[in-house]
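In what follows, a structure is listed as structure tokens, so that the remarks can point back to it.
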Amino acid sequence: MNKKTIVVVGAGKGMGNHIAEKFAENDFRVVLAARREEKLAEYKEEFAAKGYEVYTKAADASDTESLKDIFDWTIEQFGVVDVLVYNAAILEAGFPTSLSQEEFAKHFQVDLASALFCTQQVIPKQLEQKNGTILFTGGGFALYPMAEYTCVSLFKAALRALAFTLNQELNEKGIFTGTVTIMGNIAEGTHYDPSKIAEKYWQLCTERKDVEIVFK
């Protein structure tokens with residue numbers, strides 16, 4: 450059986466790497482994408498030391514061309530992205546009346562539009578094999594918006610809706626789309642330990658039943 454490939458956009462010590470490691474434990478090859486090359490080199494070393502097949506690609510979630518390069522390379526190398534996890538977001542405070550158009554537009558691109566862009570890069574090959582998984586990292590502000598975090602609230606809500614609408618469109622074609630809505634602050638050694646939350650991404654991928662898991 451050929452090894453499957455997962456691409457995690459938004460690699461890092463928070464959720465991204467823990468999600469990737471959960472899949473790597475289950476014999477997936479891992480492609481980690483993040484902005485900083487020096488951090489990616491560190492992550493690659495850590496994954497390789499555990500015996501995982503890992504590749505890294507530098508990309509900025511606000512720049513669709515850099516994102517496209519990730520998927521072009523991955524598909525050229527491995528044929529298909531079996532699992533996409535979009536974990537990128539700008540988690541910054543901002544009241545609605547204080548937001549500039551530039552800030553709002555950047556949030557929109559990183560928090561939502563690039564999630565759809567990445568999804569559109571992997572769907573054609575997933576459709577060919579009639580199988581694939583697309584997962585988004587959601588947040589509690591999607592369900593309980595807060596004025597101080599207006600952009601996070603707006604675009605996590607929209608990302609949640611995107612997961613549901615994509616699932617409605619693609620599920621019968623073999624592509625499962627889901628989201629993990631995380632209702633608290635991620636921190637190791639707490640209830641919101643990222644390794645525990647990562648289990649829910651694996652659950653969504655393997656069970657392919659519930660579009661959303663609310664972790665609270």
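The end of the sequence shown is residue 665 by the numbering used here, with every number in the run present.
A virtual CB, placed ideally from N, CA and C, is assigned to each residue, including glycine.
Evaluate residue i with the Cβ neighbour count: other Cβ atoms within 10 Å of its Cβ, from every protein chain shown; 16 or more gives buried, anything less gives exposed.
i: residue 640; result: exposed
i: residue 546; result: exposed
i: residue 655; result: exposed
i: residue 464; result: buried
i: residue 650; result: buried
i: residue 588; result: buried
i: residue 550; result: exposed
i: residue 461; result: buried
i: residue 470; result: buried
i: residue 536; result: buried
i: residue 636; result: exposed
i: residue 653; result: buried
i: residue 603; result: buried
Could you please give the first and the last residue of the uninterrupted beta strand (DSSP E) stretch that includes residue i?
i: residue 638; result: It is not in any beta strand (DSSP E) - residue 638 carries neither H nor E in the DSSP assignment.
i: residue 483; result: 477–483
i: residue 664; result: 661–664
i: residue 457; result: 453–458
Three-state secondary structure (DSSP) at residue i?
i: residue 516; result: helix
i: residue 548; result: coil
i: residue 596; result: coil
i: residue 656; result: helix
i: residue 529; result: coil
i: residue 510; result: coil
i: residue 621; result: helix
i: residue 581; result: strand
i: residue 589; result: helix
i: residue 650; result: helix
When you compare the CB positions of residue i and residue j, do they come within less than 7 Å of one another, or not?
i: residue 605; j: residue 632; result: no
i: residue 480; j: residue 456; result: yes
i: residue 584; j: residue 534; result: yes
i: residue 574; j: residue 519; result: no
i: residue 517; j: residue 503; result: no
i: residue 626; j: residue 661; result: no
i: residue 530; j: residue 571; result: yes
i: residue 561; j: residue 596; result: no
i: residue 594; j: residue 467; result: no
i: residue 600; j: residue 528; result: no
i: residue 505; j: residue 478; result: no
i: residue 508; j: residue 538; result: no
Over the uninterrupted alpha helix (DSSP H) stretch that includes residue i, give me the two end residues.
i: residue 489; result: 486–498
i: residue 465; result: 465–474
i: residue 540; result: Run containing residue 540: none; DSSP gives neither H nor E here.
Quiz item: For the region 508–527 against the region 486–493, are there 3 or more C-beta pairs whose distance is under 8 Å?
Solution: no
Original post:
Is the number of C-beta pairs between the region 611–622 and the region 573–588 that are closer than 8 Å three or more?
Top reply: yes
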